[in-house]
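Undergrad: With this note's numbering as the guide, the letters of the sequence shown map in order to residues 857 to 1175.
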Amino acid sequence: GAGGGAGAGGPGEPPHGVKSDPDSTVLLPSPEFVIARGSVPSYATPEAAARTLGKVATYAEWRGTPAGQLPYLLDTDTGRARTFIGRTLDKHPDGVDLEDGEAADLLAAYGIDLWVSRRVVGAEAVVEAAAELGYPVAVKAADETLRHRADLGTVRLDVDSPRDARAAYHGIAAASGDPNPAVLVQPMARGGVVCVAEVVQDPAFGPVVGFGLGGIATELIGDRAWRAAPLTDRDAADLLREPLASPMLFGYRGAKPVDSAAVEDLLLRVGALADEIPALSALTLNPVLASPEGVTVLHASVRVEPPSRRLDEGARRLR
857 GAGGGAGAGG PGEPPHGVKS DPDSTVLLPS PEFVIARGSV PSYATPEAAA RTLGKVATYA
917 EWRGTPAGQL PYLLDTDTGR ARTFIGRTLD KHPDGVDLED GEAADLLAAY GIDLWVSRRV
977 VGAEAVVEAA AELGYPVAVK AADETLRHRA DLGTVRLDVD SPRDARAAYH GIAAASGDPN
1037 PAVLVQPMAR GGVVCVAEVV QDPAFGPVVG FGLGGIATEL IGDRAWRAAP LTDRDAADLL
1097 REPLASPMLF GYRGAKPVDS AAVEDLLLRV GALADEIPAL SALTLNPVLA SPEGVTVLHA
1157 SVRVEPPSRR LDEGARRLR
(Lines of atoms letter the chains of each structure in order from A and count residues from 1; the text may use other names and numbers.)
(Lines give C-alpha, C1' and ligand atoms only; values in the text may rest on other atoms or scores of the structure.)
Protein backbone atom coordinates (compact mmCIF):
# COMPACT_ATOMS: atom_id res chain seq x y z
CA GLY A 1 0.00 0.00 0.00
CA ALA A 2 0.92 3.64 -0.18
CA GLY A 3 3.18 4.98 2.50
CA GLY A 4 3.57 8.59 3.46
CA GLY A 5 4.63 10.88 6.18
CA ALA A 6 4.82 14.47 7.24
CA GLY A 7 6.87 16.13 9.86
CA ALA A 8 8.01 19.46 11.15
CA GLY A 9 11.22 20.71 12.68
CA GLY A 10 11.39 23.37 15.33
CA PRO A 11 8.89 26.16 15.89
CA GLY A 12 8.23 28.16 12.76
CA GLU A 13 9.54 25.47 10.41
CA PRO A 14 6.89 24.25 7.94
CA PRO A 15 6.12 20.54 7.63
CA HIS A 16 6.98 18.61 4.47
CA GLY A 17 5.27 15.54 3.10
CA VAL A 18 6.56 12.56 1.13
CA LYS A 19 4.40 10.04 -0.74
CA SER A 20 6.73 7.11 -1.11
CA ASP A 21 4.59 4.62 -3.07
CA PRO A 22 6.52 4.15 -6.36
CA ASP A 23 3.27 3.26 -8.17
CA SER A 24 1.36 6.29 -6.99
CA THR A 25 0.59 9.25 -9.22
CA VAL A 26 1.74 12.77 -8.39
CA LEU A 27 -0.81 15.32 -9.55
CA LEU A 28 0.65 18.59 -10.80
CA PRO A 29 -1.32 21.74 -10.00
CA SER A 30 -3.16 23.50 -12.80
CA PRO A 31 -1.98 26.94 -13.95
CA GLU A 32 -4.80 28.49 -11.92
CA PHE A 33 -3.63 26.79 -8.73
CA VAL A 34 -2.42 29.16 -6.04
CA ILE A 35 -0.28 27.91 -3.17
CA ALA A 36 -1.94 29.13 0.00
CA ARG A 37 -0.14 30.11 3.17
CA GLY A 38 0.19 27.00 5.33
CA SER A 39 0.31 24.57 2.39
CA VAL A 40 2.47 21.49 2.95
CA PRO A 41 5.16 20.89 0.27
CA SER A 42 4.82 17.31 -0.98
CA TYR A 43 7.36 15.16 -2.80
CA ALA A 44 7.20 11.86 -4.62
CA THR A 45 10.37 10.49 -3.01
CA PRO A 46 12.48 11.17 0.09
CA GLU A 47 15.46 11.93 -2.17
CA ALA A 48 13.58 14.75 -3.90
CA ALA A 49 12.56 16.19 -0.55
CA ALA A 50 16.16 16.03 0.73
CA ARG A 51 17.53 17.74 -2.38
CA THR A 52 14.99 20.54 -2.09
CA LEU A 53 15.64 21.08 1.60
CA GLY A 54 19.36 21.18 0.92
CA LYS A 55 18.92 23.94 -1.65
CA VAL A 56 16.63 25.85 0.72
CA ALA A 57 19.27 25.60 3.46
CA THR A 58 21.98 26.83 1.07
CA TYR A 59 19.77 29.74 0.00
CA ALA A 60 18.98 30.64 3.61
CA GLU A 61 22.69 30.59 4.47
CA TRP A 62 23.43 32.87 1.52
CA ARG A 63 20.64 35.27 2.49
CA GLY A 64 22.05 35.43 6.00
CA THR A 65 25.58 36.32 4.85
CA PRO A 66 26.46 40.04 5.12
CA ALA A 67 26.47 41.68 1.70
CA GLY A 68 29.54 43.80 2.46
CA GLN A 69 30.26 47.43 1.63
CA LEU A 70 30.94 49.19 -1.65
CA PRO A 71 34.48 50.55 -1.29
CA TYR A 72 35.83 54.01 -1.89
CA LEU A 73 38.67 53.49 -4.34
CA LEU A 74 41.59 55.88 -4.56
CA ASP A 75 43.33 56.71 -7.86
CA THR A 76 40.25 56.38 -10.07
CA ASP A 77 39.14 58.89 -12.68
CA THR A 78 35.78 57.98 -14.18
CA GLY A 79 35.64 61.21 -16.19
CA ARG A 80 38.95 60.43 -17.86
CA ALA A 81 37.76 56.93 -18.73
CA ARG A 82 34.47 58.19 -20.19
CA THR A 83 36.28 60.81 -22.27
CA PHE A 84 38.58 58.13 -23.63
CA ILE A 85 35.63 55.86 -24.46
CA GLY A 86 33.78 58.71 -26.16
CA ARG A 87 36.75 59.52 -28.41
CA THR A 88 37.27 55.85 -29.20
CA LEU A 89 33.65 55.25 -30.20
CA ASP A 90 33.64 58.41 -32.31
CA LYS A 91 36.36 56.75 -34.38
CA HIS A 92 34.84 53.26 -34.20
CA PRO A 93 31.04 53.61 -33.98
CA ASP A 94 30.54 49.84 -34.29
CA GLY A 95 32.94 49.02 -31.49
CA VAL A 96 36.58 47.96 -31.44
CA ASP A 97 39.12 45.75 -29.70
CA LEU A 98 41.56 48.14 -28.04
CA GLU A 99 45.25 48.09 -28.87
CA ASP A 100 47.60 47.32 -25.99
CA GLY A 101 48.42 50.98 -25.35
CA GLU A 102 44.76 51.97 -25.48
CA ALA A 103 43.82 49.24 -23.02
CA ALA A 104 46.57 50.46 -20.70
CA ASP A 105 45.20 54.01 -20.84
CA LEU A 106 41.67 52.91 -19.97
CA LEU A 107 42.78 50.66 -17.11
CA ALA A 108 45.08 53.33 -15.72
CA ALA A 109 42.03 55.53 -15.15
CA TYR A 110 40.95 52.96 -12.57
CA GLY A 111 44.34 52.49 -10.97
CA ILE A 112 45.15 49.25 -12.81
CA ASP A 113 48.70 49.26 -14.16
CA LEU A 114 49.77 46.99 -16.99
CA TRP A 115 53.28 45.56 -17.07
CA VAL A 116 55.45 47.50 -19.52
CA SER A 117 55.50 46.09 -23.05
CA ARG A 118 56.88 46.91 -26.49
CA ARG A 119 55.20 45.72 -29.69
CA VAL A 120 57.75 45.25 -32.48
CA VAL A 121 58.34 43.41 -35.75
CA GLY A 122 61.71 41.95 -36.69
CA ALA A 123 64.60 40.31 -34.88
CA GLU A 124 66.67 43.49 -34.64
CA ALA A 125 63.69 45.39 -33.27
CA VAL A 126 63.41 42.75 -30.55
CA VAL A 127 67.10 43.28 -29.69
CA GLU A 128 66.57 47.04 -29.46
CA ALA A 129 63.48 46.71 -27.28
CA ALA A 130 65.21 44.23 -24.98
CA ALA A 131 68.18 46.58 -24.58
CA GLU A 132 65.82 49.42 -23.71
CA LEU A 133 63.79 47.40 -21.19
CA GLY A 134 66.75 45.49 -19.74
CA TYR A 135 67.52 41.79 -19.84
CA PRO A 136 66.14 39.24 -19.13
CA VAL A 137 62.96 39.69 -21.16
CA ALA A 138 59.99 37.68 -22.36
CA VAL A 139 59.15 37.60 -26.07
CA LYS A 140 55.61 36.59 -27.04
CA ALA A 141 53.56 36.48 -30.22
CA ALA A 142 51.32 39.55 -30.31
CA ASP A 143 48.50 37.52 -31.86
CA GLU A 144 45.79 37.05 -29.19
CA THR A 145 45.40 33.38 -30.06
CA LEU A 146 49.12 32.66 -29.63
CA ARG A 147 50.50 34.95 -26.95
CA HIS A 148 49.69 32.54 -24.10
CA ARG A 149 50.63 29.34 -25.96
CA ALA A 150 54.04 28.42 -24.60
CA ASP A 151 53.20 24.86 -25.64
CA LEU A 152 53.25 25.96 -29.28
CA GLY A 153 56.56 27.77 -29.01
CA THR A 154 55.11 31.27 -29.34
CA VAL A 155 56.21 32.37 -25.86
CA ARG A 156 59.92 32.61 -25.00
CA LEU A 157 60.94 33.42 -21.41
CA ASP A 158 64.21 34.44 -19.73
CA VAL A 159 65.75 35.76 -22.93
CA ASP A 160 68.99 37.25 -21.62
CA SER A 161 71.18 38.25 -24.58
CA PRO A 162 70.93 39.77 -28.06
CA ARG A 163 71.71 36.36 -29.56
CA ASP A 164 68.88 34.76 -27.60
CA ALA A 165 66.57 37.65 -28.55
CA ARG A 166 67.13 37.01 -32.24
CA ALA A 167 66.68 33.27 -31.75
CA ALA A 168 63.44 33.88 -29.84
CA TYR A 169 61.99 35.95 -32.67
CA HIS A 170 62.93 33.43 -35.35
CA GLY A 171 61.53 30.60 -33.22
CA ILE A 172 58.20 32.41 -32.82
CA ALA A 173 58.12 33.08 -36.57
CA ALA A 174 58.61 29.41 -37.31
CA ALA A 175 56.05 28.29 -34.72
CA SER A 176 53.39 30.76 -35.91
CA GLY A 177 53.93 30.20 -39.61
CA ASP A 178 54.37 33.94 -40.15
CA PRO A 179 57.82 35.02 -41.39
CA ASN A 180 57.43 38.51 -39.92
CA PRO A 181 55.16 38.28 -36.87
CA ALA A 182 54.49 41.13 -34.50
CA VAL A 183 55.74 40.25 -31.02
CA LEU A 184 55.57 41.72 -27.54
CA VAL A 185 58.76 42.26 -25.55
CA GLN A 186 58.42 42.59 -21.77
CA PRO A 187 60.83 42.59 -18.85
CA MET A 188 60.61 39.34 -16.93
CA ALA A 189 58.14 39.75 -14.08
CA ARG A 190 58.58 38.28 -10.63
CA GLY A 191 57.01 34.87 -10.25
CA GLY A 192 53.62 34.19 -8.77
CA VAL A 193 50.41 32.24 -9.04
CA VAL A 194 48.85 32.76 -12.47
CA CYS A 195 45.31 34.16 -12.24
CA VAL A 196 42.66 35.47 -14.61
CA ALA A 197 40.16 38.28 -14.01
CA GLU A 198 37.46 39.08 -16.52
CA VAL A 199 34.24 40.95 -17.24
CA VAL A 200 31.43 39.63 -19.43
CA GLN A 201 27.96 40.98 -20.15
CA ASP A 202 25.22 38.71 -18.86
CA PRO A 203 21.75 39.12 -20.44
CA ALA A 204 20.05 39.06 -17.03
CA PHE A 205 22.57 40.62 -14.65
CA GLY A 206 24.52 42.99 -16.89
CA PRO A 207 28.27 43.17 -16.25
CA VAL A 208 29.61 40.34 -14.11
CA VAL A 209 33.15 39.87 -12.83
CA GLY A 210 34.88 36.50 -12.99
CA PHE A 211 38.00 35.27 -11.25
CA GLY A 212 39.98 32.05 -11.30
CA LEU A 213 43.45 30.59 -11.55
CA GLY A 214 45.12 30.30 -14.93
CA GLY A 215 46.20 27.14 -16.66
CA ILE A 216 44.81 24.47 -18.95
CA ALA A 217 43.35 22.33 -16.16
CA THR A 218 41.30 25.10 -14.55
CA GLU A 219 40.20 26.32 -17.97
CA LEU A 220 38.96 22.86 -18.94
CA ILE A 221 36.78 22.47 -15.84
CA GLY A 222 35.55 26.07 -15.89
CA ASP A 223 36.96 26.84 -12.44
CA ARG A 224 35.71 30.42 -12.20
CA ALA A 225 33.76 32.37 -9.60
CA TRP A 226 31.35 35.12 -10.68
CA ARG A 227 29.74 38.14 -9.04
CA ALA A 228 27.56 40.95 -10.39
CA ALA A 229 29.18 44.37 -10.60
CA PRO A 230 29.71 46.56 -8.67
CA LEU A 231 31.57 44.43 -6.16
CA THR A 232 31.45 44.87 -2.42
CA ASP A 233 34.43 44.05 -0.25
CA ARG A 234 32.69 40.78 0.63
CA ASP A 235 32.19 39.95 -3.06
CA ALA A 236 35.89 40.44 -3.75
CA ALA A 237 36.89 38.25 -0.81
CA ASP A 238 34.48 35.51 -1.92
CA LEU A 239 35.70 35.64 -5.53
CA LEU A 240 39.24 35.02 -4.31
CA ARG A 241 38.27 32.00 -2.21
CA GLU A 242 35.53 30.33 -4.25
CA PRO A 243 37.47 28.68 -7.11
CA LEU A 244 38.38 25.05 -6.46
CA ALA A 245 42.07 25.84 -7.04
CA SER A 246 42.08 28.81 -4.62
CA PRO A 247 44.18 27.00 -1.94
CA MET A 248 47.17 27.71 -4.20
CA LEU A 249 46.75 31.37 -3.21
CA PHE A 250 46.88 30.69 0.52
CA GLY A 251 50.06 28.75 1.19
CA TYR A 252 49.35 25.41 -0.45
CA ARG A 253 52.09 22.84 0.23
CA GLY A 254 54.23 25.29 2.14
CA ALA A 255 54.29 28.08 -0.43
CA LYS A 256 54.03 31.65 0.80
CA PRO A 257 50.47 33.04 0.66
CA VAL A 258 49.88 35.71 -1.94
CA ASP A 259 48.98 39.29 -1.05
CA SER A 260 45.22 38.63 -0.96
CA ALA A 261 44.43 42.28 -0.23
CA ALA A 262 46.15 43.30 -3.47
CA VAL A 263 44.18 40.74 -5.48
CA GLU A 264 40.92 41.85 -3.88
CA ASP A 265 41.77 45.49 -4.63
CA LEU A 266 42.32 44.59 -8.28
CA LEU A 267 38.94 42.83 -8.43
CA LEU A 268 37.20 45.83 -6.84
CA ARG A 269 38.71 48.12 -9.47
CA VAL A 270 37.65 45.79 -12.27
CA GLY A 271 34.13 45.75 -10.81
CA ALA A 272 34.00 49.54 -10.62
CA LEU A 273 35.17 49.86 -14.22
CA ALA A 274 32.55 47.36 -15.38
CA ASP A 275 29.77 49.15 -13.50
CA GLU A 276 30.62 52.75 -14.41
CA ILE A 277 31.62 52.30 -18.07
CA PRO A 278 28.62 50.75 -19.90
CA ALA A 279 30.57 50.67 -23.17
CA LEU A 280 32.92 48.05 -21.72
CA SER A 281 31.72 44.99 -23.62
CA ALA A 282 34.39 42.54 -22.48
CA LEU A 283 37.60 42.58 -20.47
CA THR A 284 40.16 39.89 -19.74
CA LEU A 285 43.25 40.36 -17.58
CA ASN A 286 45.41 37.33 -18.35
CA PRO A 287 47.84 36.53 -16.98
CA VAL A 288 47.77 38.20 -13.59
CA LEU A 289 50.64 37.12 -11.36
CA ALA A 290 49.73 37.07 -7.67
CA SER A 291 52.64 36.89 -5.22
CA PRO A 292 53.38 37.76 -1.59
CA GLU A 293 54.58 41.16 -2.87
CA GLY A 294 51.40 42.07 -4.77
CA VAL A 295 49.89 41.58 -8.23
CA THR A 296 51.28 42.14 -11.71
CA VAL A 297 48.94 42.38 -14.71
CA LEU A 298 50.89 41.25 -17.75
CA HIS A 299 48.22 41.63 -20.43
CA ALA A 300 44.70 42.93 -20.99
CA SER A 301 42.19 42.30 -23.76
CA VAL A 302 39.47 44.95 -23.92
CA ARG A 303 36.50 45.42 -26.23
CA VAL A 304 34.30 48.50 -26.20
CA GLU A 305 31.00 48.92 -28.01
CA PRO A 306 28.25 51.55 -28.06
CA PRO A 307 26.16 50.76 -24.99
CA SER A 308 22.69 49.57 -25.87
CA ARG A 309 19.84 49.79 -23.40
CA ARG A 310 21.00 47.72 -20.47
CA LEU A 311 18.71 44.96 -19.30
CA ASP A 312 19.94 45.50 -15.76
CA GLU A 313 18.85 49.10 -15.28
CA GLY A 314 17.35 48.21 -11.93
CA ALA A 315 19.36 47.32 -8.88
CA ARG A 316 21.71 44.41 -9.51
CA ARG A 317 22.26 43.59 -5.86
CA LEU A 318 20.65 40.23 -5.13
CA ARG A 319 20.14 40.95 -1.44
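For each residue, glycine too, the CB sits at the ideal point set by N, CA and C.
For the 8 Å Cβ check, are there 3 or more pairs between the stretch 1120 to 1131 and the stretch 1023 to 1041?
TA: The stretch 1120 to 1131, when compared against the stretch 1023 to 1041, does not touch it at the 8 Å Cβ threshold.
Undergrad: Leaving out the 5 sequence neighbours to the left and right, which residues in its chain are closer than 8 Å to Gly978 when beta-carbon positions are compared?
TA: Here residue 978 refers to the residue found at position 122 when the sequence shown is read from its first residue. The residues are Tyr1025 and Asn1036.
Undergrad: Look at the Cβ atom of Pro1113, then the Cβ atom of Leu1069, and state whether they are nearer than 8 Å.
TA: Counting from one through the sequence shown, the residue named residue 1113 turns up at place 257. Counting from one through the sequence shown, the residue named residue 1069 turns up at place 213. No.
Undergrad: On the criterion of 16 or more Cβ atoms from any shown chain inside 10 Å, does Ala1021 qualify as buried, or is it exposed?
TA: What you label residue 1021 is simply residue 165 of the sequence shown in a count that begins at 1. With 16 or more Cβ atoms within 10 Å of its Cβ, Ala1021 is classed as buried.
Undergrad: Compare the C-alpha of Ala998 against each of Glu1075, Thr1010, Pro992 and Ile968 and name the closest.
TA: Taking the first residue of the sequence shown as position 1, residue 998 is located at position 142. If we check each option's Cα against that of Ala998, Thr1010 comes out closest.
Undergrad: Please state if the CB of Val1064 and the CB of Ala1092 are separated by a distance shorter than 8 Å.
TA: Here residue 1092 is taken as the residue at index 236 of the sequence shown, counted from 1. Here residue 1064 is taken as the residue at index 208 of the sequence shown, counted from 1. Cβ distance not < 8 Å, so Ala1092 and Val1064 don't count as in contact.
Undergrad: Name the residue from Leu1105, Asp1014 and Val993 whose alpha carbon lies nearest to the alpha carbon of Val1183.
TA: Limits of the chain in this structure are 857 at one end and 1175 at the other, which puts residue 1183 out of reach.
Undergrad: Whole-angstrom Cβ separation of Leu925 and Ala994, contact assumed at under 8 Å?
TA: Position 69 of the sequence shown, counted from the first residue, corresponds to residue 925. Position 138 of the sequence shown, counted from the first residue, corresponds to residue 994. Per the sequence shown, residue 925 should be read as Gln rather than Leu. Actually they are not in contact, since the Cβ atoms of Gln925 and Ala994 sit about 38 Å apart, beyond 8 Å.
Undergrad: Can you give the Cα-Cα distance for Asp1058 and Ile968, rounded to whole angstroms?
TA: On the sequence shown, residue 1058 is found 202 positions in, with the first residue counted as 1. On the sequence shown, residue 968 is found 112 positions in, with the first residue counted as 1. Spanning the two alpha carbons is a distance of roughly 23 Å.
Undergrad: Buried or exposed: where does Arg1003 fall if 16 or more other Cβ atoms within 10 Å of its Cβ makes it buried?
TA: Within the sequence shown, residue 1003 is the residue found at index 147, counting from 1. Result: buried.
Undergrad: If you follow the alpha helix (DSSP H) that Ala998 is part of, which residue opens it and which one closes it?
TA: If you number the sequence shown from 1, residue 998 lands on position 142. Here Ala998 belongs to no alpha helix (DSSP H), and DSSP marks it neither H nor E.
Undergrad: With H, G and I counted as helix, E and B as strand and the rest as coil, what does DSSP make of Ala858?
TA: As a working mapping, residue 858 is identified with position 2 in the sequence shown. The pLDDT assigned to Ala858 is 44, lower than 50, so where the model puts this residue is not dependable, and the model offers no usable value.
Undergrad: What residue from Asp946, Ser1147, Arg975 and His948 has the CA that sits closest to Gly957's CA?
TA: On the sequence shown, residue 957 is found 101 positions in, with the first residue counted as 1. For Gly957, the nearest C-alpha among the options comes from Arg975.
Undergrad: Whole angstroms is fine: what's the gap from Arg1109's alpha carbon to Met1044's?
TA: Position 253 of the sequence shown, counted from the first residue, corresponds to residue 1109. Position 188 of the sequence shown, counted from the first residue, corresponds to residue 1044. Computed Cα separation, rounded: 25 Å.
Undergrad: When you compare each of Lys996, Ile1072, Glu1000 and Asp1007 to Asp1014 by their alpha carbons, which one comes out closest?
TA: For this step, residue 1014 is matched to residue 158 along the sequence shown. The candidate whose alpha carbon is nearest that of Asp1014 is Lys996.
Undergrad: Rounded to whole angstroms, what's the CA-CA distance from Arg936 to Ala900? Just pull it up for me.
TA: One-based indexing of the sequence shown puts residue 936 at position 80. One-based indexing of the sequence shown puts residue 900 at position 44. Approximately 60 Å, taken between the alpha carbons.
Undergrad: Measure the C-alpha to C-alpha separation of Glu917 and Gly1078 and round it to an integer number of angstroms.
TA: Position 61 of the sequence shown, counted from the start, is the residue given in the question as residue 917. Position 222 of the sequence shown, counted from the start, is the residue given in the question as residue 1078. In a straight line, the C-alpha of Glu917 is about 25 Å away from that of Gly1078.
Undergrad: Would you kindly report the start and end of the unbroken beta strand (DSSP E) that includes Arg919?
TA: Here residue 919 corresponds to residue number 63 of the sequence shown, with the count starting at 1. Segment Pro902 to Arg919 is the alpha helix (DSSP H) holding Arg919; no beta strand (DSSP E) there.
Undergrad: Quick check: what's the CA-CA separation for Gly1107 versus Leu1076?
TA: Taking the sequence shown and counting its residues from 1, the one referred to as residue 1107 is at position 251. Taking the sequence shown and counting its residues from 1, the one referred to as residue 1076 is at position 220. Going by the C-alpha atoms only, they are around 24 Å apart.
Undergrad: Check for me: the alpha helix (DSSP H) holding Arg943 runs from which residue to which?
TA: By 1-based counting over the sequence shown, the position of residue 943 is 87. It spans Thr934 to Lys947 - the alpha helix (DSSP H) in which Arg943 sits, taken as one unbroken run.
Undergrad: Between which two residues does the beta strand (DSSP E) holding Asp1058 run?
TA: As a working note, residue 1058 is residue 202 in the sequence shown. Note, Asp1058: beta strand (DSSP E), Val1049 to Asp1058.
Undergrad: For the beta strand (DSSP E) that Ala1138 lies in, which residues bound it at each end?
TA: If you number the sequence shown from 1, residue 1138 lands on position 282. First-last of the beta strand (DSSP E) with Ala1138: Leu1136 to Ser1147.
Undergrad: Count the other CB atoms, across all protein chains shown, that sit within 10 Å of the CB of Ile1072; report buried if there are 16 or more and exposed otherwise.
TA: As a position in the sequence shown, residue 1072 is number 216, starting the count at 1. Burial call: exposed.
Undergrad: How long is the line joining the alpha carbons of Ala1135 and Ile941, rounded to whole angstroms?
TA: Sequence index remark: in the sequence shown, residue 1135 carries index 279 (1-based). Sequence index remark: in the sequence shown, residue 941 carries index 85 (1-based). Distance between the alpha carbons of Ala1135 and Ile941: 7 Å.
Undergrad: Go through its chain and collect everything with a Cβ distance to Thr934's Cβ below 6 Å, but skip five positions before and after it.
TA: The residue labelled residue 934 in the question sits at position 78 within the sequence shown. Within the same chain, Thr934 has close Cβ partners Glu1132.
Undergrad: Figure out for me which residue from Glu1149, Glu1161, Pro1018 and Val1144 has the closest Cα to the Cα of Ala1130.
TA: Here residue 1130 corresponds to residue number 274 of the sequence shown, with the count starting at 1. Of the candidates Glu1149, Glu1161, Pro1018 and Val1144, the one whose C-alpha sits nearest the C-alpha of Ala1130 is Glu1161.
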